[in-house]
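Note sheet for the following structure.
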Amino acid sequence: MSTAPVKPQAPPPGEAMEPRPLVITKKRREIEGIHTFWLEPRDGGEFHFDPGQFNMLYVFGAGEVPISISGDPGKPGRLVHTVRAVGKATQRLCALKTGESLGVRGPFGSAWPMAQLEGKNIVFVTSGLGLAPLRPAVYWLLNHRQRYGKATLIYGARNPRRLLYVDELRKWRGRFDLRVELAVGSADPTWDGNIGVVTSLVSKTFVEPGNTVALICSSERMMRAMVEQLNQAGLNDGDIYLSLERSMKCGLGLCGHCQLGPTFICKDGPVYRYDQVKGLLAQREL
Amino acid sequence: MSQEQRTLHGHPFFHDLEPRHLALVAGCAHEVSFSAGDYLAREGHPADHFFLLLSGGVRMETSAPPLGVLGILSAGAGEVLGFNWIYPPYKWSFDYRATVDTRAFQMDGRCLRGEFAQDHELGYQLMTRFSAVLGRNLDATHLQILELIHEHGTR
């Protein structure tokens, strides 16, 4: 049985409720409707976090949204968030320009237990925007590469134009110590890779049961399908970690918006070991 | 057991088929090879066979104007391709093109249907296998539709 997700110390309640002003130092359009922001504290300090944690991003006058941190935990001088414009606040956020500011509360929530997984083979399985919350864990692994066994990233998207972080994926594919397997739902003849649903790659990719742990992030239904494939490959529920998404509001487990049965995703999650939430995910209503 | 039967037995689709049934399906099989770029089957053409891929890679494609030619599924060694031989009007629904040099067993559908008429157990064994492959493909398609819905944030 593997270890439980790490629960880093949350900021003190007073500090946790006060947004810290950060300035956008760089912005990049990843794909249509999805932008990545590089943020630096106005006070020049650092922003430490653990892989898998999220921040509440406050767009002045528009509202606050929970967004996973997608940058390198080894580079705390710059905070990186990748955001999809789906509602009023995220649309306003994505319209912000370099030099403008936003408020940040956090970091909140549990983390991928990277330090506790040393010595294990790691399989990352994700699709679409799910790569953003997983990317800090990939950075962590690559920053401490010698501490882990084999590493595989399995990533799927609707088509090649919807793959996130393409330049980085190219770099990672060029490494000899990280296997990268990509799948797209459809592609023109210039695409040389797999076509199909990302879960099909799990069964096609060698997974060594016994000493392998999977970190997965996607839509909830897709993650259930990923778990099924990982189980068939020989992984136990206790060897699978996932990141859940709900309507996080306060980030402190006080408001109850993100409650899932007995657990508050903003405080106890978003990263869970699968056997901790398996029963909750299978229920239609809680 | 002939070399052909041994190769068929080594393919995941037939790996647990009884020897007597393996002998019957081997009588309907012949090995084929394709160069990269060759079509294994063309959309709308008569579908009187299916393929068991032994090596290489094949892409299922269709022409989807104005997007052009789109690949919608890729398959490799150990997989089975083609279901249109099972049901009328016995025509391929998509193009199948080899993306690299590919070897496969081409299974004669009319020959197999003849064997099924004589041996219902063989028909049951093959249809059970095809049902599993079709079910997995259907599940995968439904997951892709759900991802699309999720991505657009709509119900």
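These protein sequence lines map, in sequence, to chains C and S. At position 55 of the first sequence the residue is numbered 176 (this note's numbering), and the sequence of numbers has no breaks. At position 134 of the second sequence the residue is numbered 503 (this note's numbering), and the sequence of numbers has no breaks. Glycine residues also receive a C-beta, built at the ideal position from the N, C-alpha and C atoms.
Chain S residues whose Cβ lies nearer than 7 Å to that of Ile-316/C: In the first sequence, residue 316/C corresponds to position 195, counting from 1. Under the 7 Å cutoff, chain S gives Arg-428, Gly-440, Ile-441, Leu-442 and Ser-443.
Amino acids of chain S, ordered along the chain, whose beta-carbon sits closer than 9 Å to that of Met-343/C: Counting from one through the first sequence, the residue named residue 343/C turns up at place 222. Neighbours of Met-343/C on chain S, chain order: Leu-512, Leu-515, Glu-516 and His-519.
Short Cβ contact (8 Å threshold) for Val-180/C with Ala-210/C: If you number the first sequence from 1, residue 180/C lands on position 59. If you number the first sequence from 1, residue 210/C lands on position 89. Yes; because the gap between Cβ atoms is below 8 Å, this pair is in contact.
Contacting residues, own chain, Cβ-Cβ under 7 Å from Tyr-408/S (five flanking each side not counted): Here the question's residue 408/S lines up with position 39 in the second sequence. So the list reads Asp-464, Tyr-465 and Arg-466, once near-sequence residues are dropped.
Secondary structure of Arg-524/S, DSSP reduced to three states: For the purposes of this step, residue 524/S is taken as the residue at position 155 of the second sequence. Low per-residue confidence applies at Arg-524/S: pLDDT is 42, beneath 50, and the placement is therefore not dependable, though the value from the model is reported in the following sentence. Three-state DSSP puts Arg-524/S in coil, outside helix and strand.
Pair within 8 Å by beta-carbon distance, Leu-143/C and Val-201/C: Position 22 of the first sequence holds residue 143/C. Position 80 of the first sequence holds residue 201/C. Going by beta carbons, Leu-143/C and Val-201/C fall outside the 8 Å limit.
Test item: CB-CB of His-265/C and Val-204/C under 8 Å: Within the first sequence, residue 265/C is the residue found at index 144, counting from 1. Within the first sequence, residue 204/C is the residue found at index 83, counting from 1. No, the pair does not count as a contact, with Cβ atoms beyond the cut-off.
Under 7 Å by beta carbon: chain S residues contacting Gly-249/C: Residue numbering aside, residue 249/C sits at position 128 when the first sequence is read from its first letter. The answer, in chain order, is Glu-516 and Glu-520.
Backbone CA spacing between Gly-413/S and Trp-312/C [nearest angstrom]: Sequence index remark: in the second sequence, residue 413/S carries index 44 (1-based). Sequence index remark: in the first sequence, residue 312/C carries index 191 (1-based). Approximately 25 Å between the Cα atoms of the pair.
Listed by chain order, chain S residues near Thr-320/C by CB distance under 8 Å: Indexing the first sequence from 1 puts residue 320/C at position 199. Neighbours of Thr-320/C on chain S, chain order: Ala-509 and Leu-512.
Beta carbon proximity, Pro-391/C to chain S, threshold 8 Å: Sequence index remark: in the first sequence, residue 391/C carries index 270 (1-based). Pro-391/C does not count as touching chain S.
CA nearest to the CA of Leu-79/C, picked from Arg-282/C, Ile-275/C and Pro-310/C: Past the edges of chain C, shown from 122 to 407, lies residue 79/C, and the structure says nothing about it.
Range covered by the alpha helix (DSSP H) that runs through Cys-215/C: Taking the first sequence and counting its residues from 1, the one referred to as residue 215/C is at position 94. It spans 209-216 - the alpha helix (DSSP H) in which Cys-215/C sits, taken as one unbroken run.
Status (buried if at least 16 other CB within 10 Å, exposed otherwise) for Ala-272/C: By one-based count along the first sequence, residue 272/C stands at place 151. It is buried - the Cβ of Ala-272/C has at least 16 other Cβ atoms within 10 Å.
Ser-321/C to Asp-164/C span [Cα, whole Å]: Taking the first residue of the first sequence as position 1, residue 321/C is located at position 200. Taking the first residue of the first sequence as position 1, residue 164/C is located at position 43. Each residue's Cα considered, the two are about 47 Å apart.
Proximal residues of chain C, C-beta to C-beta of Gly-437/S below 7 Å: The residue labelled residue 437/S in the question sits at position 68 within the second sequence. Under the 7 Å cutoff, chain C gives Asp-309.
Any chain S beta carbon closer than 8 Å to Ala-216/C: Counting from one through the first sequence, the residue named residue 216/C turns up at place 95. No, Ala-216/C lies away from the interface with chain S (no Cβ there is under 8 Å from its Cβ).
With 16 other Cβ atoms within 10 Å as the buried cut-off, status of Asn-332/C: Reading the first sequence from its first residue, position 211 is the one you call residue 332/C. Classification of Asn-332/C: exposed, given that the 10 Å Cβ count is below 16.
Residues near Gly-447/S in its chain [Cβ-Cβ closer than 6 Å; skip 5 each side]: Reading the second sequence from its first residue, position 78 is the one you call residue 447/S. Cβ neighbours of Gly-447/S beyond the five flanking positions: Pro-381.
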